[in-house]
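In my numbering, the protein residues as written are 2 to 114. We put the CB at the ideal spot given by N, CA and C, even for glycine. These figures come from a predicted structure and were not determined experimentally.
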């Protein structure tokens, strides 16, 4: 199985069908990457205590992802459906370990996962 197929398989297992139907795995990965980079800089600027930095980084990254994905979700889902919290939770569950890994890499802890 090549990397692209592996990414698709993982995304299909963990992210809700509401998201998968509206965004390709490539779009999601791009949104994640951009959101992580922006969230990391913003969290550093806010001078968050080191003991809270990682949790703030995770929440900020997912919030920024939701901002990037929001319009397509909002404009294509039924008005009476309360989807935001469920999709936020799905994205957080899916990307949390990846955020931790990227944070560790930025801090020079490449061997930690």
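| request: Measure the alpha-carbon distance for residue 104 versus residue 58 and round it to whole angstroms. | output: 9 Å
| request: Using the Cα positions of residue 16 and residue 49, report the straight-line distance between them to the nearest angstrom. | output: 29 Å
| field | Spatial distance of residue 113 from residue 81 (CA atoms) | value | For residue 113, the predicted structure reports a pLDDT of 46, less than 50, and the residue's modelled location is therefore unreliable. A value from the coordinates is still provided. About 43 Å.
| Buried/exposed call for residue 96, threshold 16 Cβ in 10 Å | buried
| request: Use the C-beta contact count for residue 77: other C-beta atoms within 10 angstroms, 16 or more gives buried, fewer gives exposed. | output: exposed
| query | Can you name the start and end residues of the alpha helix (DSSP H) that residue 21 belongs to? | reply | 18-21
| query | Hey, would you say residue 23 sits closer than 8 Å to residue 73, going by beta carbons? | reply | yes
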